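Chains as they are written, first to last, in the working numbering: chain A, 533 to 735; chain B, 34 to 280.
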């Protein structure tokens, strides 16, 4: 199985790479659009600012190949890598996202506008019967923008940044799985999650 | 309620870990990557790795140790000590850092904040505030003329776009005598950012004293390096006292 990790020149690429490598996969780092179709699965890492990332993807003609890939094969978006699938993003000015998820990426509206640390994920739907992650498992977050959406059909797990202030933790739509948390930085739970994605077959 | 964050704070010098007292007298404290792996298995919540030689301008940051560590752990990693420009920051992120720790460079080069923010986002920048107490007054370690107000300094950094603050009580560092509770309380009430406290923690009771005044993130060094504690044990103690920790 060929797993590609998209390099947009501002992400924690090597952490995702190393996590997969430890799970027995030798991932392909992708920085050219023509390599994307050759992959079986695609991961888009996080750690980055929205506008800079979207501009990079547009400038390097990566948006269209990602959309085409997503129509047939599984994609995992982590943190910003998930947020770019929304329609609009507001970090460092407005940018237009890939638009697969009907939502907008906005600044956290909490006392402290940052969510840095571990949070429990409350699942209210199962992505898949194969997923072996228990309800209320903890994952690592590091962000100040979140995906806000009126339509929550595709949100399968949430976390609370503060009491009564929930954010989507896991998004699931068609071939797309997005996480606001960083599985590559979430120790055992994160490894289980990545393993799930690697074995995941769309029914 | 959020989890209490227990974060080992490791100092790097000549590819080894070191630990000292009041920022001096450093002695060998182990090999970086194996220590980090052990700390991960003890369920540390993050790791902070600071390059001492680079902080002292002896050499460039030790990227090879960073790379070696990030290859074997899946724990959030903050890297810093002497990062002076955006190229070094980029390199650190590329090699597996999730956050960049900046301290002395923030006195003469605040522009680096906006540059990192533009590419990697505010959440990736931790500002280090090293506080020394002299004649019952508090100053910034790097402020030789003792002119800069601590709170004005922190506020200006927040305005530039840092996402997290690490407060270090330099006088208490490595002494196990606990933290400055009054000043910590004031900092928590004024600063609306995640704050990591470091310097002086020697036992769990001192951590609980800090939690009671509203702190929730702690960087610890000598407590785990030279004492009979480990992260799991600290968390177990906190859990037994009714605090929320992650295992």
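Where a beta carbon is used, it is the ideal one built from N, C-alpha and C, also for glycine. Small disclaimer: the values here were computed from a predicted structure and weren't measured.
Quick one: Cα of residue 638 of chain A to Cα of residue 691 of chain A, how far?
16 Å
Quickly, what does DSSP pair residue 38 of chain B with across the bridge? List them, please.
B:250
Give me the residue from A:645, A:598 and A:632 with the minimum Cα distance to residue 569 of chain A.
A:598
Quick one: using the 10 Å Cβ neighbour count with 16 as the cut-off for buried, is residue 52 of chain B buried or exposed?
In summary, residue 52 of chain B is buried, with 16 or more beta-carbon neighbours lying within 10 Å of its beta-carbon over all protein chains present.
Under the three-state reduction of DSSP, which class applies to residue 642 of chain A: helix, strand or coil?
In the structure shown, residue 642 of chain A sits in coil (DSSP, three-state: anything other than H, G, I, E or B).
Is residue 216 of chain B close to chain A, meaning its C-beta is less than 8 Å from at least one C-beta of that chain?
no
Can you give me, in chain order, the residues of the region 658-679 of chain A that have a beta carbon less than 7 Å from any beta carbon in chain B?
670, 672, 674, 675 and 676
Please report how far the alpha carbon of residue 612 of chain A lies from the alpha carbon of residue 677 of chain A, in whole angstroms.
Per the coordinates, the alpha-carbon of residue 612 of chain A lies some 9 Å from the alpha-carbon of residue 677 of chain A.
Could you tell me which chain A residues have their CB closer than 8 Å to the CB of residue 144 of chain B, listed as they occur along the chain?
In chain order: nothing, as chain A lies at least about 16 Å away.
Comparing alpha-carbon positions, which option in B:220, B:221 and B:252 lies nearest residue 230 of chain B?
B:252
According to DSSP, what are the bridge partners of residue 694 of chain A?
A:697
Straight-line CA distance for residue 540 of chain A to residue 727 of chain A?
23 Å
Taking the straight line between their C-alpha atoms, what separation do you get for residue 645 of chain A and residue 192 of chain B?
13 Å
Going along chain A, which residues have a C-beta under 7 Å from residue 156 of chain B?
646, 648, 674, 675 and 676
Tell me whether residue 195 of chain B sits in a helix, a strand or coil according to DSSP, three-state version.
coil
Below 7 Å on C-beta distance, what does residue 257 of chain B contact in chain A?
Within 7 Å Cβ-Cβ: nothing; residue 257 of chain B doesn't reach chain A, min ~17 Å.
In this structure, how does DSSP classify residue 242 of chain B when only helix, strand and coil are distinguished?
helix
Looking only at its chain, what residues have a beta carbon closer than 6 Å to the beta carbon of residue 181 of chain B, apart from the 5 residues adjacent to it on each side?
173
Whole angstroms are fine: how far does the CA of residue 562 of chain A sit from the CA of residue 710 of chain A?
19 Å
Taking only beta-carbon positions, decide if residue 147 of chain B is within less than 8 Å of chain A.
no
List the residues of chain B that residue 581 of chain A touches, going by C-beta distances under 7 Å, in chain order.
Within chain B, the residues near residue 581 of chain A are 150, 151, 152, 153 and 154.
If you draw a straight line from the alpha carbon of residue 187 of chain B to that of residue 161 of chain B, how long is it in whole angstroms?
9 Å
Which residues share a DSSP beta bridge with residue 69 of chain B?
In the DSSP output, where bridge partners are listed per residue, residue 69 of chain B has none listed.
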